[in-house]
Amino acid sequence: MRRPTTIRGYILVEAMVAMVVLSLGILALRSAQQQTTLARGQARDYTQARFLLERLIAELEILPILREGASSGVFEGDFSRFRWSRTVSRVSLPGMEPPVQLLPGMMVQAPDAFVGKITATVFWTRSGQEFQETVETLVAPAKLPQAENEITLSPTS
170 MRRPTTIRGY ILVEAMVAMV VLSLGILALR SAQQQTTLAR GQARDYTQAR
220 FLLERLIAEL EILPILREGA SSGVFEGDFS RFRWSRTVSR VSLPGMEPPV
270 QLLPGMMVQA PDAFVGKITA TVFWTRSGQE FQETVETLVA PAKLPQAENE
320 ITLSPTS
């Protein structure tokens, strides 16, 4: 018996198509693995940044008195690729305190109520991209020193 001649070369084409499909599948798996590794690294960085932010805030919260202003720096040791900045400021809450009569005919206008605000930010780079995470928290007004000229006297009408 004789084989049909049209089947010749069909196995070669079939093998080539299978190799192309297999190669594309391997490339897709490799790309997915790279994306997964990058996402895992980014998640680890965000978790580490949150812990570092908590540390920055805690360092200020334990102080008895805070000074308004900004500071920045770089973490040491294993965290040297993380940079930080933090700001302590005053946030006014106007109209909270009504005027008080100190002497007949003299009203004392209490200063606007305020609270302290701490803003901390951590910066880092991964795969050539800049990332940052920021946290803000409020602290008691007693932690910020009072300005000497905050109480104003005014005559009553």
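Start counting at 1 in the sequence shown, then tack on 169, and there's your number in our numbering.
Even glycine gets a Cβ: it sits at the ideal position worked out from N, Cα and C.
- Looking at Trp293, Arg255, Leu313, the one whose alpha-carbon comes closest to that of glutamate 305 is Arg255.
- In this structure isoleucine 287 touches leucine 229 by the C-beta definition: roughly 6 Å separates them, less than 8 Å.
- A straight line joining the alpha-carbon of phenylalanine 292 with that of phenylalanine 283 spans about 29 Å.
- Annotation: valine 308 to glutamate 302 spans about 20 Å, alpha carbon to alpha carbon.
- Counting the other Cβ atoms within 10 Å of the Cβ of alanine 289 gives 16 or more, which makes it buried.
- In the three-state reduction of the DSSP assignment, serine 296 falls in the coil class, being assigned neither a helical nor a strand state.
- Around the beta carbon of phenylalanine 220, fewer than 16 other beta carbons lie within 10 angstroms, which makes this residue exposed.
- Taking C-beta atoms under 8 Å as the contact rule, glycine 285 and arginine 259 qualify, at a distance of about 6 Å.
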